[in-house]
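First up is the structure itself, then whatever we jot down about it.
Protein chains in written order, with this note's numbering: chain B, 2 to 116; chain Z, 54 to 165.
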């Protein structure tokens with residue numbers, strides 16, 4: 002069965018950094034573009050970042066709200082995708098989901114940015 | 054950025070009733086490769102989203118066939134033919150034709 006399991010969320014202060022991870026299994030990870038999507042408490046869904054596959058040079062794309070602060074990466078040998086989040090702001094507080102082209106979703110990891 | 058406008062924001066239905074949700078895009082979602090990357094998701098309370106419909110009208114594996122999608126260009130519709138209790142939650146349309154990808158604001162389906 003397909004599984005996506007996020008980890009690494011927690012409470013951080015503004016301007017700090019955090020790296021969250023997503024472990025994938027049950028599908029051919031190296032063939033799948035991967036995204037991070039977030040959901041602030043009580044709000045809707047927001048696409049955050051995307052990373053393509055090796056044949057597409059692992060190209061990355063970001064929402065304007067995180068561009069220059071967040072970095073998405075992947076390790077196909079470990080079936081892992083990561084989101085490095087730097088210079089965090091209070092408005093980055095959200096549940097962060099990893100998803101394979103919106104078809105498969107993890108349960109999410111909660112990131113809280115507060116002083 | 055592409056803006057997806059979902060209506061209605063809230064939908065009250067009885068079990069067995071058929072309902073429709075509209076998703077209108079600020080620009081055409083037809084990709085240069087001929088595909089239209091418009092998906093429908095359902096998020097049940099306390100759960101991550103799940104994919105119902107992809108490429109406008111293709112039913113995701115395991116999703117009941119009471120769900121159907123239609124539309125083209127800028128106007129899209131999700132129809133539920135006979136609401137069941139398990140269908141309650143928030144429905145989102147999402148486009149992945151144009152970067153950045155964008156979601157509609159959601160339609161909450163409640164029991165009347």
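Positions of the beta carbon are idealized from the N, C-alpha and C atoms, including for glycine.
Helix, strand or coil: how does DSSP classify residue 128 of chain Z here?
Working through the second chain from its first residue, we reach residue 128 of chain Z at position 75. Strand at residue 128 of chain Z.
Using three-state DSSP, classify residue 155 of chain Z as helix, strand or coil.
As a first step, residue 155 of chain Z must be located in the second chain, where it is residue number 102. In this structure, residue 155 of chain Z counts as strand in the three-state DSSP scheme.
DSSP three-state call for residue 72 of chain B: helix, strand or coil?
The residue given as residue 72 of chain B occupies position 71 in the first chain. Correct three-state label for residue 72 of chain B: strand.
For residue 49 of chain B versus residue 66 of chain B, is the C-beta distance shorter than 9 Å?
Working through the first chain from its first residue, we reach residue 49 of chain B at position 48. Working through the first chain from its first residue, we reach residue 66 of chain B at position 65. Yes, these two residues count as a Cβ contact at 9 Å.
Looking only at DSSP bridge pairs, what is residue 92 of chain Z linked to?
To locate residue 92 of chain Z, count along the second chain from 1; it is residue 39. According to DSSP, which records beta bridges pairwise, residue 92 of chain Z is partnered with Z/147.
What's the call for residue 3 of chain B, buried or exposed, on a 16-neighbour Cβ count within 10 Å?
For this step, residue 3 of chain B is matched to residue 2 along the first chain. Classification of residue 3 of chain B: exposed, given that the 10 Å Cβ count is below 16.
At a CB distance below 7 Å, what residues from the stretch 21–41 of chain B approach chain Z? Give them in sequence order.
Of all residues in the stretch 21–41 of chain B, none has a Cβ within less than 7 Å of some Cβ in chain Z.
According to DSSP, simplified to helix, strand and coil, what is residue 160 of chain Z?
Taking the first residue of the second chain as position 1, residue 160 of chain Z is located at position 107. It is a strand residue.
Should residue 57 of chain B go down as buried or exposed, given a rule of 16 or more other Cβ atoms within 10 Å for buried?
As a first step, residue 57 of chain B must be located in the first chain, where it is residue number 56. Flag for residue 57 of chain B reads exposed.
Taking Cβ positions, are residue 77 of chain B and residue 86 of chain B nearer each other than 9 Å?
As a position in the first chain, residue 77 of chain B is number 76, starting the count at 1. As a position in the first chain, residue 86 of chain B is number 85, starting the count at 1. No, the pair does not count as a contact, with Cβ atoms beyond the cut-off.
Please state if the CB of residue 131 of chain Z and the CB of residue 65 of chain Z are separated by a distance shorter than 9 Å.
Position 12 of the second chain, counting from 1, holds the residue named residue 65 of chain Z. Position 78 of the second chain, counting from 1, holds the residue named residue 131 of chain Z. Contact: no.
Which residues does DSSP pair with residue 133 of chain Z in a beta bridge?
Numbered from its first residue, the second chain carries residue 133 of chain Z at position 80. Partner(s): Z/72 and Z/120.
Taking C-beta pairs closer than 9 Å, name the residues in chain B that residue 89 of chain Z reaches, listed in chain order.
In the second chain, counting from the first residue as 1, residue 89 of chain Z sits at position 36. Within 9 Å Cβ-Cβ: nothing; residue 89 of chain Z doesn't reach chain B, min ~14 Å.
Could you check what DSSP says for residue 100 of chain B in three-state terms: helix, strand or coil?
In the first chain, the residue the question calls residue 100 of chain B occupies position 99. It is a strand residue.
Just the chain B side, please: which residues come within less than 8 Å of residue 57 of chain Z by C-beta, in chain order?
Looking up residue 57 of chain Z in the second chain gives position 4. The premise fails here: residue 57 of chain Z is roughly 11 Å from chain B at the closest Cβ pair, so nothing lies under 8 Å.
Please classify residue 44 of chain B: does DSSP put it in a helix, a strand, or coil?
What you label residue 44 of chain B is simply residue 43 of the first chain in a count that begins at 1. Coil at residue 44 of chain B, not helix or strand.
Check whether the stretch 111–124 of chain Z touches the stretch 28–46 of chain B, taking contact to mean three or more Cβ pairs, one atom from each stretch, closer than 8 Å.
No, they do not touch.
Hey, does residue 72 of chain B have any beta-carbon neighbour from chain Z nearer than 9 Å?
If you number the first chain from 1, residue 72 of chain B lands on position 71. Answer no: the Cβ-Cβ gap between residue 72 of chain B and chain Z never drops below 9 Å.
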